[in-house]
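Colleague: My questions all concern the structure below.
As structure tokens, this is what we get:
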């Protein structure tokens with residue numbers, strides 16, 4: 245099993261939230277976005293479970309992470325809990341979708357060899373791919 249953490253800038257999530265977004269609405273949003281991005285990235289054979297995770301339980305400087313079992317085609321994705329956001333609901337949902345796409349790209353790359361030396365380069369590439377995919381998904 246491998247753990248990859250989303251290390252996008254955490255500017256949106258530094259202190260406890262004043263965002264009035266409820267956990268159930270965030271969970272529904274995440275379930276819908278995970279299903280859509282699994283379809284787009286052809287990862288539908290994977291069973292991905294999303295867990296809202298408090299900042300203190302995530303690696304410092306990250307907004308999420310993913311652990312997977314390639315043999316079972318299962319993954320658990322951690323996404324920063326709404327209680328830890330300090331931005332508007334719209335910004336929070338954009339940030340959560342970025343995390344979803346980012347972590348699913350790591351899942352797509354699961355079969356590639358990993359090393360400490362390649363981790364930083366992979367993270368930069370995953371961030372760039374995430375931004376490009378989200379830009380393409382925006383209505384014109």
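Numbering (my numbering), first residue to last: 245 to 384. Yeah, the Cβ is synthetic: ideal placement off N, Cα and C, and Gly gets one too.
#1: Can you tell me the Cα-Cα spacing of residue 335 and residue 317, whole angstroms?
#2: The alpha helix (DSSP H) spanning residue 339 covers which residue range?
#3: Could you name the residues of the same chain whose beta carbon sits closer than 7 Å to that of residue 292, not counting the 5 residues immediately before and after it, in chain order?
#4: Under a Cβ-count criterion, where at least 16 other Cβ atoms within 10 Å of its own Cβ denotes burial, should residue 288 be classed as buried or exposed?
#5: What three-state label does DSSP hand residue 328 in the structure shown?
#6: Since residue 378 is in the alpha helix (DSSP H), which residue starts that stretch and which ends it?
#7: Between which two residues does the alpha helix (DSSP H) holding residue 281 run?
#8: Going by alpha carbons, who is nearest to residue 337 out of 326, 347, 346?
#9: Go to residue 290, then tell me how far its beta strand (DSSP E) extends in each direction, as first and last residue.
#10: Between the Cα of residue 343 and those of 367, 300, 268, 354, spot the shortest distance and give me the residue it belongs to.
#11: Determine the contact status of residue 274 and residue 295, defining contact as a CB-CB distance below 7 Å.
#12: Under a Cβ-count criterion, where at least 16 other Cβ atoms within 10 Å of its own Cβ denotes burial, should residue 308 be classed as buried or exposed?
#13: Could you tell me if residue 304 is buried or exposed, where buried requires 16 or more neighbouring beta carbons within 10 angstroms of its beta carbon?
#14: Once you ignore the five residues that flank residue 302 on each side, which residues in its own chain have a CB closer than 8 Å to its CB?
#15: Between residue 357 and residue 285, what straight-line distance do the alpha-carbon atoms span, to the nearest angstrom?
Modeller: Let me lay it out:
#1: 31 Å
#2: 333 to 352
#3: 278, 282, 319, 321
#4: exposed
#5: helix
#6: 360 to 381
#7: 267 to 284
#8: 326
#9: First-last for residue 290: undefined, no H or E at that position.
#10: 367
#11: no
#12: buried
#13: exposed
#14: 249, 308, 309, 322, 324
#15: 20 Å
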